[in-house]
Ligand code: GLU
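In the working numbering, the protein residues as written are 15 to 492.
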């Protein structure tokens, strides 16, 4: 027995689903749909179902299923039920097709593809919408043609001829479509396999889905699905069609705009909390709030304030959000997230600067884990004084600069190696030689790190360690 779901306050019965087709990776649009469905269910203490729509055997792959599961796990979107696989529910679809045939809501159609093409052509020529002409559609008092021998029929849904289908979309508001706009949809192919729209209907019904939140590329399917649900005597779910995500240039987001796979963002050093925050905000708002926790999202996400217009992907804003979440992590929490990225770059962590201290130094200025790892190579990368860029050597390691560096070496030879003492040593050389900071700091950076820019030089030298710094400076004197 299904319970009415006319009001969003019917907390306990909310059941949402994410129903991806496993034909590629989990893309950003799909991830956002999943997130909204998840957050809506969580908000009402309901159930979030994962359904894999894998009936397209040519395009569905186990790798794509895994990519979807990985993407959702990374984002922390744990389904309460599922994954259910449509390919495992074929008997159930066949059963409902039989039921619809028996109740007169569906019929066998023996028209060949060539005949269908011809019908469409005739309609087009008459200035009408190209459509199936109803040759095999049973009507009271109509005599149907004799089924041709040796031809397998398809099964068509007997769509109402008049009236309209309407629903109050959670995102777009009221939508109405005249039934004259809708064809008699094929629900089973000649080989008996059910078609896409039909499986969605049976599943949403069987899984007692109360709220269907999905991309607005499905909006044309909704009236067809509603008619089939009605024929089955099913309670209708509420529908919410979320607009597409556009790239920064206003075109629908695609590979052209860079990464569209969620896991690519993992690889690129984004944090799942940042992605969740950013994706949630892309098409939904809560006042002026830009930064919010998962818990706040769940608290606030009640199906209102979903944007009707398409959202625009903004990499700069994503970086800003990510930087915020990076700063929420302690150096101890950052370290394990960055170590693997450093070793992948060939970095050596043994006998080098302590990773937590390096994180403490670099995190305030980084936007992604990848950027952190890249910057950390300053401490863990191989360094060969001979390999310092010749132009830098010529420009910054002049004879006079080498003289300042020699003075610096004398100054620090016997100090206890700490940022404070290093800073004092630098100041003392500046004073003795009447120099400005860059006149010493830049040659020091080039000689010790091969770069002209680094975080504060006293911290960098302190973390590199006395032996390393002095060895690099001595190498220069040779
Ligand atoms: N399987 C469909 C897709 O991946 C979604 C179907 C739905 O949400 O109803 O686009």
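Each residue gets a CB set at the ideal place from its N, CA and C atoms; glycine is no exception.
These numbers come from a predicted model, not from an experiment.
C-alpha distance - residue 473 paired with residue 460, whole-angstrom precision: Residue numbering aside, residue 473 sits at position 459 when the chain shown is read from its first letter. Residue numbering aside, residue 460 sits at position 446 when the chain shown is read from its first letter. Distance from the CA of residue 473 to the CA of residue 460, rounded to the nearest whole angstrom, comes to 15 Å.
Below 8 Å between beta carbons: does that hold for residue 43 and residue 259? What you label residue 43 is simply residue 29 of the chain shown in a count that begins at 1. What you label residue 259 is simply residue 245 of the chain shown in a count that begins at 1. Between residue 43 and residue 259, the C-beta spacing is below 8 Å.
Beta strand (DSSP E) segment containing residue 252, residue limits: Taking the first residue of the chain shown as 1, we reach residue 252 at position 238. First-last of the beta strand (DSSP E) with residue 252: 252–256.
Whole-number beta carbon distance between residue 94 and residue 63, since they are thought to touch under 8 Å: Taking the chain shown and counting its residues from 1, the one referred to as residue 63 is at position 49. Taking the chain shown and counting its residues from 1, the one referred to as residue 94 is at position 80. Going by Cβ atoms, the distance from residue 63 to residue 94 rounds to 7 Å, so yes, they are a contact pair.
What is the DSSP secondary structure of residue 326, counted as helix, strand or coil? Mapped onto the chain shown, residue 326 falls at position 312. Correct three-state label for residue 326: strand.
Integer-rounded CB distance, given that residue 317 should sit under 8 Å from residue 256: The residue given as residue 256 occupies position 242 in the chain shown. The residue given as residue 317 occupies position 303 in the chain shown. Contact doesn't hold; Cβ gap of about 11 Å is too wide.
Hey, would you say the C-beta of residue 232 is under 7 Å away from at least one heavy atom of the ligand GLU? For the purposes of this step, residue 232 is identified with residue 218 of the chain shown, where counting begins at 1. A distance criterion of 7 Å places the beta-carbon of residue 232 in contact range of the ligand GLU, judged by its closest non-hydrogen atom.
Determine the direct distance from the alpha carbon of residue 61 to that of residue 200, and round the result to whole angstroms. As a working mapping, residue 200 is identified with position 186 in the chain shown. As a working mapping, residue 61 is identified with position 47 in the chain shown. Near 31 Å, if we compare the C-alpha coordinates of residue 61 and residue 200.
Which class does residue 275 belong to by DSSP, given the choice of helix, strand or coil? Residue numbering aside, residue 275 sits at position 261 when the chain shown is read from its first letter. Of the three classes helix, strand and coil, the one that applies to residue 275 here is strand, per DSSP.
Restricting to Cα atoms, I'd like to know which of 475, 477, 135, 293 is closest to residue 308. Here the question's residue 308 lines up with position 294 in the chain shown. The shortest Cα separation from residue 308 among 475, 477, 135, 293 belongs to 293.
The segment 103–120 touching the segment 159–179, judged by at least three CB pairs closer than 8 Å: These segments touch.
For residue 484, does the three-state DSSP call read helix, strand or coil? Residue numbering aside, residue 484 sits at position 470 when the chain shown is read from its first letter. Of the three classes helix, strand and coil, the one that applies to residue 484 here is helix, per DSSP.
With a CB to CB cut of under 8 Å and the five nearest residues on each side skipped, what residues in its chain are close to residue 329? As a working note, residue 329 is residue 315 in the chain shown. The answer, listed in chain order, is 262, 272.
What did DSSP end up calling residue 120 once you bin it into helix, strand or coil? Residue numbering aside, residue 120 sits at position 106 when the chain shown is read from its first letter. Strand.
Would you mind stating whether residue 69 and residue 100 have Cβ atoms separated by less than 8 Å? Your numbering for residue 69 matches position 55 in the chain shown. Your numbering for residue 100 matches position 86 in the chain shown. The answer is yes: Cβ separation under 8 Å.
Between the Cα of residue 85 and those of 204, 280, 349, 244, spot the shortest distance and give me the residue it belongs to. If you number the chain shown from 1, residue 85 lands on position 71. Nearest option by C-alpha distance: 280.
Output needed for residue 365: all residues of its chain with C-beta closer than 7 Å, excluding positions within five of it in sequence on either side, in chain order. Here residue 365 is taken as the residue at index 351 of the chain shown, counted from 1. If we look at residue 365 and ignore the five residues flanking it on each side, it has no Cβ neighbours.
When DSSP labels each residue in this structure, what does residue 146 get in the three-state scheme? Position 132 of the chain shown, counted from the start, is the residue given in the question as residue 146. Residue 146: coil per DSSP, three-state reduction.
Using 10 angstroms around the beta-carbon of residue 488, count the other beta-carbons present and answer buried if the total reaches 16, otherwise exposed. Taking the chain shown and counting its residues from 1, one reaches residue 488 at position 474. By the 10 Å Cβ count, residue 488 comes out exposed.
For residue 140, name the three-state secondary structure that DSSP assigns. Taking the chain shown and counting its residues from 1, the one referred to as residue 140 is at position 126. Of the three classes helix, strand and coil, the one that applies to residue 140 here is coil, per DSSP.
So does residue 35 have its beta carbon nearer than 7 Å to some heavy atom of the ligand GLU? Position 21 of the chain shown holds residue 35. Residue 35 has its Cβ nearer than 7 Å to a heavy atom of the ligand GLU.
Cβ of residue 210 within 8 Å of Cβ of residue 236? Position 196 of the chain shown, counted from the first residue, corresponds to residue 210. Position 222 of the chain shown, counted from the first residue, corresponds to residue 236. Contact: no.
Can you give the Cα-Cα distance for residue 249 and residue 219, rounded to whole angstroms? Position 235 of the chain shown, counted from the first residue, corresponds to residue 249. Position 205 of the chain shown, counted from the first residue, corresponds to residue 219. A straight-line Cα-Cα distance of about 8 Å links residue 249 and residue 219.
Beta-carbon gap between residue 390 and residue 376 smaller than 8 Å: Looking up residue 390 in the chain shown gives position 376. Looking up residue 376 in the chain shown gives position 362. For residue 390 and residue 376, yes; Cβs fall inside 8 Å.
Would residue 363 and residue 394 qualify as a contact pair, given that the criterion is a beta-carbon distance under 8 Å? The residue given as residue 363 occupies position 349 in the chain shown. The residue given as residue 394 occupies position 380 in the chain shown. In this structure, residue 394 lies closer than 8 Å to residue 363 by Cβ.
Helix, strand or coil: which one does DSSP assign to residue 19? Position 5 of the chain shown holds residue 19. Unreliable positioning characterises residue 19 in this predicted model, as indicated by a pLDDT of 42, which lies under 50. The coordinate reading is nonetheless provided below. Looking at residue 19 - three-state DSSP - the assignment turns out to be coil, as it is neither helix nor strand.
Can you give me the C-alpha to C-alpha distance between residue 194 and residue 239, rounded to a whole angstrom? Taking the first residue of the chain shown as position 1, residue 194 is located at position 180. Taking the first residue of the chain shown as position 1, residue 239 is located at position 225. So the two alpha carbons sit approximately 15 Å from each other.
Inter-residue Cα distance where the pair is residue 417 and residue 360: Your numbering for residue 417 matches position 403 in the chain shown. Your numbering for residue 360 matches position 346 in the chain shown. If I take the Cα positions, the gap works out to 34 Å.
Kindly indicate which residue of 453, 290, 77 has the alpha-carbon position closest to the one of residue 36. Taking the first residue of the chain shown as position 1, residue 36 is located at position 22. The shortest CA-to-CA distance from residue 36 to any of 453, 290, 77 is the one to 77.
Would you check whether the ligand GLU has a heavy atom nearer than 7 Å to the C-beta of residue 214? What you label residue 214 is simply residue 200 of the chain shown in a count that begins at 1. Yes - the ligand GLU has a heavy atom lying nearer than 7 Å to the Cβ of residue 214.
Quick one: what's got a C-beta closer than 6 Å to residue 398's C-beta in the same chain, skipping five residues either side? Here residue 398 refers to the residue found at position 384 when the chain shown is read from its first residue. The same chain holds no residue with a CB closer than 6 Å to that of residue 398 once the five nearest residues on each side in sequence are set aside.
Between the Cα of residue 156 and those of 148, 162, 190, spot the shortest distance and give me the residue it belongs to. Indexing the chain shown from 1 puts residue 156 at position 142. Nearest option by C-alpha distance: 148.
Residue 39 beta carbon less than 8 Å from that of residue 289: On the chain shown, residue 289 is found 275 positions in, with the first residue counted as 1. On the chain shown, residue 39 is found 25 positions in, with the first residue counted as 1. The answer is no: Cβ separation not under 8 Å.
Short check: CB of residue 504 to CB of residue 189, under 8 Å? For residue 504 there is no data in the structure shown, the boundaries of the chain being 15 and 492.
For the beta strand (DSSP E) holding residue 225, just list the boundary residues, first then last. Within the chain shown, numbered from 1, the residue matching residue 225 stands at position 211. Start and end: 225–229.
Inter-residue Cα distance where the pair is residue 477 and residue 464: Taking the first residue of the chain shown as position 1, residue 477 is located at position 463. Taking the first residue of the chain shown as position 1, residue 464 is located at position 450. Whole-angstrom Cα-Cα distance: 16 Å.
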